[in-house]
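Following: one structure in structure tokens, then a few remarks.
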């Protein structure tokens, strides 16, 4: 049996005295017991942190899965909606524009409310809004009420997606891999949703709307998981559960934090890229079925082509990772963009249903890695304390793009015919490639953020004294060097 340190030390001293070695023996000094952590306890703590981290990641993956499920369902259902509601391409495209409005509200509200309510409450709030939206849409009510559901769905989806991506970027270990898993989960949701939606689209009467009961079940599971795992806590508390520290700079006032993000051109360029990319992705997934039915003579089963597109999207986010690393992630965006344009030319010019369906799948394959690459690129461009906010801003723009660009595509298709889909998509891809050229390839200097914010303060308050103007600049500069 081992004796406590203080008893063993006393015993050593007594033995020394007994043997006549002096009244002040040189006993072995043990470290304080509080500073000694048994190896078993350390290992158990690490395992517990790893288990909780995996659980959190699984819930976030399901959250992104629901986003893919929502975006992937439109393609097979749009032709059915036109039949049920007796509307043309322009009118049915209003589901995108109303969702765009909701997404805009959600993106702005997410940044404004994050400091007040925190990660846990906001992500659960977004899921609850989607519960309400799907409950409305499952009732097969008049089209204006269906559009109301799209608004609510847009708000909830924007808040939830921004929070999930921002949390993943805040992870300190293997963040790139985890973001890739999240985006692959989105692709899986977008892959499975058209398979289910195609079946419901063939039902007669009001039964087609029962698809949204399936969506409701998916969101119920998501809401329960988010509540049980994150329990409405802040990101700082949730990261502490897995043994990771919250970035100190992100604890500061939200007002200054948002101002720094909006004052950097890099944030807007990245937001523009994701706006165009996600808008193009959802436009292809949402309208390619209508194009193939109208121009290539496809039947009801053509809805599965949308699954092929999102299946390629999912695979691309996994199997192309080695190529991305080898060629360089910034360079492969240009390569994949050019390949996607070439494949879209094939779909436009080659009149073959099977050939076009295969080309659509390969478009998804090369477009798949672009979103995760852009998200992880934020860590290479922005100072650490701006990364999470920049991701929230960019993904908010992406959510808006997912709503507004398919609407624009629908309006053009209604006026010029569905044949115009492919030229429009090719133009979108070209804009996407050009916008990536505007995104910086290296990290912006911390001083750049300071100078831009200081300049904006100087312009807005020219009458302030020099000393008063310099104080906020020094505060930011000191924080940037921490």
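Residue numbers (the UniProt record's numbering): 1 to 482.
By construction, the Cβ of each residue, glycine as well, lies at the ideal position given by its N, Cα and C atoms.
Original post:
What number of angstroms, rounded off, separates the C-alpha of residue 62 from the C-alpha of residue 69?
Top reply: Against the chain shown, residue 62 aligns to sequence position 62. Against the chain shown, residue 69 aligns to sequence position 69. Approximately 10 Å between the Cα atoms of the pair.
**OP:** Would you kindly report the start and end of the unbroken alpha helix (DSSP H) that includes residue 329?
**Re:** For the purposes of this step, residue 329 is identified with residue 329 of the chain shown, where counting begins at 1. Unbroken alpha helix (DSSP H) run through residue 329: 329-349.
Original post:
Under a three-way DSSP split, which group does residue 236 fall into?
Top reply: Indexing the chain shown from 1 puts residue 236 at position 236. Residue state, collapsed to three classes: helix.
Original post:
Looking at C-alpha atoms only, which residue of 104, 65, 83 and 92 is the closest neighbour of residue 492?
Top reply: Here the chain has residues from 1 to 482 only, and residue 492 is not among them.
Subject >> Exposure of residue 144, with buried meaning 16 or more beta-carbon neighbours within 10 Å >> reply: As a position in the chain shown, residue 144 is number 144, starting the count at 1. With fewer than 16 Cβ atoms within 10 Å of its Cβ, residue 144 is classed as exposed.
Subject >> Anticipated Cβ contact below 8 Å, residue 130 with residue 156, distance rounded >> reply: Walking along the chain shown from the start, residue 130 turns up at place 130. Walking along the chain shown from the start, residue 156 turns up at place 156. At roughly 4 Å, the Cβ-Cβ gap stays under 8 Å, so residue 130 and residue 156 are in contact.
Subject >> Through-space distance from residue 432 to residue 113, alpha-carbon basis >> reply: Looking up residue 113 in the chain shown gives position 113. Looking up residue 432 in the chain shown gives position 432. Roughly 30 Å between the two C-alpha positions.
**OP:** Have a look at 440, 320 and 132 and flag the residue whose alpha-carbon is nearest the alpha-carbon of residue 336.
**Re:** Numbered from 1 along the chain shown, position 336 holds the residue referred to as residue 336. Residue 336 has its Cα closest to that of 320, out of 440, 320 and 132.
Original post:
Are there three or more Cβ pairs, one per stretch, closer than 8 Å when the region 264-281 is compared with the region 386-400?
Top reply: yes
Subject >> Range covered by the alpha helix (DSSP H) that runs through residue 423 >> reply: Reading the chain shown from its first residue, position 423 is the one you call residue 423. Looking at the DSSP string, the run of the alpha helix (DSSP H) that includes residue 423 is 421-437.
Original post:
Is residue 290 buried or exposed, if buried means 16 or more other CB atoms sit within 10 Å of its CB?
Top reply: Within the chain shown, numbered from 1, the residue matching residue 290 stands at position 290. Buried, by the Cβ-count rule.
Subject >> Of the listed residues 50, 85, 310 and 245, nearest to residue 140 (C-alpha basis) >> reply: Locating residue 140 in the chain shown gives position 140, where the first residue counts as 1. Answer by Cα proximity: 85.
Original post:
Which value, in whole angstroms, describes the spacing of the CA atoms of residue 47 and residue 403?
Top reply: Position 47 of the chain shown, counting from 1, holds the residue named residue 47. Position 403 of the chain shown, counting from 1, holds the residue named residue 403. Looking at the two C-alpha atoms, the distance is approximately 42 Å.
Original post:
Skipping 5 residues on each side, what residues in its chain have a beta carbon closer than 6 Å to that of residue 348?
Top reply: As a first step, residue 348 must be located in the chain shown, where it is residue number 348. Once the five neighbours on either side are set aside, the close Cβ partners of residue 348 are 422.
Original post:
Considering only C-alpha positions, which residue in the set 411, 233, 82 and 198 is nearest to residue 306?
Top reply: By 1-based counting over the chain shown, the position of residue 306 is 306. The option with the nearest alpha carbon to residue 306 is 198.
Subject >> Where residue 51 falls: helix, strand or coil (DSSP) >> reply: Reading the chain shown from its first residue, position 51 is the one you call residue 51. The answer is helix: DSSP assigns residue 51 an H, G or I state.
Subject >> Boundaries of the alpha helix (DSSP H) in which residue 397 is found, first to last residue >> reply: Counting from 1 along the chain shown, the entry for residue 397 is found at position 397. Unbroken alpha helix (DSSP H) run through residue 397: 387-416.
**OP:** Could you give the DSSP three-state label for residue 88: helix, strand or coil?
**Re:** For the purposes of this step, residue 88 is taken as residue 88 along the chain shown, with counting starting at 1. In this structure, residue 88 counts as coil in the three-state DSSP scheme.
Original post:
Between the region 172-186 and the region 281-296, do at least 3 Cβ pairs fall closer than 8 Å?
Top reply: no
Subject >> Nearest-angstrom beta carbon gap, residue 229 and residue 59 [assumed within contact, 8 Å] >> reply: In the chain shown, the residue the question calls residue 59 occupies position 59. In the chain shown, the residue the question calls residue 229 occupies position 229. That pair is a contact at about 5 Å.
Subject >> Extent of the continuous alpha helix (DSSP H) run through residue 287 >> reply: In the chain shown, residue 287 corresponds to position 287, counting from 1. Looking at the DSSP string, the run of the alpha helix (DSSP H) that includes residue 287 is 265-295.
Original post:
According to DSSP, is residue 449 helix, strand or coil?
Top reply: Within the chain shown, residue 449 is the residue found at index 449, counting from 1. Reliability of the predicted coordinates at residue 449 is poor, the pLDDT of 49 falling under 50, and no value is obtained from them.
Subject >> Of the residues 416, 237 and 182, the one placed nearest residue 162, counting alpha carbons only >> reply: On the chain shown, residue 162 is found 162 positions in, with the first residue counted as 1. Of the listed residues, the one whose Cα sits closest to residue 162 is 182.
**OP:** Could you pull out every residue in the same chain whose Cβ sits closer than 7 Å to the Cβ of residue 261, ignoring the five residues on either side in sequence?
**Re:** Within the chain shown, numbered from 1, the residue matching residue 261 stands at position 261. These residues qualify, in order along the chain: 267, 386, 389, 390 and 393.
Subject >> Neighbourhood of residue 159 by C-beta, 6 Å cutoff - its chain only, sequence neighbours within 5 removed >> reply: Here residue 159 corresponds to residue number 159 of the chain shown, with the count starting at 1. Only 106, 110, 122 and 126 meet the Cβ criterion.
Subject >> Three CB pairs or more closer than 8 Å across the region 212-229 and the region 69-80 >> reply: yes
Original post:
Grouping DSSP H, G and I as helix and E and B as strand, with all else coil, what is residue 544?
Top reply: A question about residue 544 goes unanswered here, because the residues of the chain that appear run from 1 up to 482.
Original post:
Between the Cα of residue 115 and the Cα atoms of 236, 136 and 201, which residue gives the shortest distance?
Top reply: As a position in the chain shown, residue 115 is number 115, starting the count at 1. Comparing Cα-Cα distances from residue 115 to each of 236, 136 and 201, the minimum goes to 236.
Subject >> Pair within 8 Å by beta-carbon distance, residue 124 and residue 227 >> reply: Mapped onto the chain shown, residue 124 falls at position 124. Mapped onto the chain shown, residue 227 falls at position 227. Going by C-beta atoms, residue 124 is nearer than 8 Å to residue 227.
Original post:
What is the C-beta distance between residue 209 and residue 137, in whole angstroms, given that I count them as a contact (C-beta under 8 Å)?
Top reply: Residue 209 sits at position 209 when you count from the first residue of the chain shown. Residue 137 sits at position 137 when you count from the first residue of the chain shown. The pair is a contact, with the Cβ atoms about 7 Å apart (cut-off 8 Å).
Original post:
Thinking just about the alpha-carbon of each residue, which of 371, 45 and 378 is nearest to the one in residue 265?
Top reply: Here residue 265 corresponds to residue number 265 of the chain shown, with the count starting at 1. The shortest C-alpha separation from residue 265 is found at 378.
Original post:
Among the residues of its own chain, which have a CB less than 6 Å from the CB of residue 96, if the five just before and after it don't count?
Top reply: Within the chain shown, the letter at position 96 stands for residue 96. Closer than 6 Å at the Cβ level, and outside the excluded window around residue 96, lie 403, 406 and 407.
Subject >> Coil, strand or helix - residue 126 by DSSP >> reply: Taking the chain shown and counting its residues from 1, the one referred to as residue 126 is at position 126. DSSP places residue 126 in helix when its eight states are reduced to three.
**OP:** Kindly indicate which three-state DSSP category residue 352 falls into: helix, strand or coil?
**Re:** Locating residue 352 in the chain shown gives position 352, counting from the first residue. Residue state, collapsed to three classes: coil.
Original post:
Thinking C-alpha only, which one of 92, 83, 49 and 55 is nearest residue 411?
Top reply: On the chain shown, residue 411 is found 411 positions in, with the first residue counted as 1. Per the Cα distances, 92.
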